């Protein structure tokens with residue numbers, strides 16, 4: 058059994074949620090993130106198999122290096138084609154619709170994946186998005202100072218191992 062825990066700066070997560078659900082209360086969104094991270098941390102600590110942590114931001118910044126590290130962790134051979142994940146066949150059952158949209162876009166196979174729909178805002182964002190994974194630091198400009206301060210007050214300590222400042 059293997060477990061790969063992908064860490065992402067909590068401020069980026071909060072921004073993503075607040076961008077998608079503008080009417081959500083920031084305090085509740087932050088509290089939900091805290092509870093989710095505490096539960097996930099406990100699951101990770103208790104996991105009996107082989108486990109590792111990677112930062113989403115590292116994966117987005119240096120995908121080849123991180124994929125090679127993951128292959129080593131999983132005891133599998135690295136192949137260059139792994140970087141172009143979007144060219145391989147996928148069977149999405151859930152997850153990030155933006156990523157799924159990029160896979161469809163790369164494969165030009167929208168008819169077979171018609172269950173994937175993006176909001177107008179997301180379709181606009183992803184229409185010019187590169188197919189490769191891309192670092193998303195929009196939280197730095199989009200999160201209001203009040204929400205940044207609230208997050209730091211409520212979740213700053215917990216976010217230390219997730220924080221990404223590059």
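Numbering (my numbering), first residue to last: 58 to 223.
Beta carbons are placed, not taken as given, at the ideal position from N, Cα and C, and that holds for glycine.
Given the structure is predicted, the values throughout are model-derived calculations rather than measurements.
Using DSSP with H/G/I as helix, E/B as strand and the rest coil, what is residue i?
| i | result |
| --- | --- |
| residue 192 | coil |
| residue 111 | strand |
| residue 133 | coil |
| residue 159 | helix |
| residue 207 | helix |
| residue 200 | coil |
| residue 78 | coil |
Apart from the five residues on each side of it in sequence, which residues of its chain come closer than 7 Å, Cβ to Cβ, to residue i?
| i | result |
| --- | --- |
| residue 220 | 66 |
| residue 159 | 143, 183, 186, 188 |
| residue 60 | 101, 104, 106, 108 |
Do residue j and residue i count as a contact pair if the criterion is CB distance below 8 Å?
| i | j | result |
| --- | --- | --- |
| residue 211 | residue 87 | yes |
| residue 108 | residue 101 | yes |
| residue 190 | residue 120 | yes |
Just to confirm my understanding: we take residue i, look at its own chain, exclude 5 residues before and 5 after, and list those with CB closer than 8 Å. What are they?
| i | result |
| --- | --- |
| residue 91 | 211, 212, 215 |
| residue 207 | 83, 84, 87 |
Grab me the residues of residue i's own chain with a C-beta within less than 6 Å of its C-beta, minus the 5 sequence neighbours each way, in chain order.
| i | result |
| --- | --- |
| residue 170 | Low confidence applies to residue 170: its pLDDT is 49, below 50, so where it sits in the model is not reliable, and the reading given next is rough at best. Within the same chain, residue 170 has close Cβ partners 161. |
| residue 130 | 109 |
I'd like to know whether the C-beta of residue i is nearer than 8 Å to at least one C-beta of chain B.
| i | result |
| --- | --- |
| residue 141 | Absent from the structure is chain B; it holds one protein chain and no more. |
Note to self: Three Cβ pairs or more, each shorter than 8 Å: is that satisfied between the stretch 79–99 and the stretch 110–117?
What the structure shows: The stretch 79–99 is not in contact with the stretch 110–117.
Check: Do the stretch 63–75 and the stretch 194–212 touch if we need at least three Cβ pairs shorter than 8 Å?
Finding: Taking 8 Å as the limit for Cβ pairs, the verdict is that the stretch 194–212 does touch the stretch 63–75.
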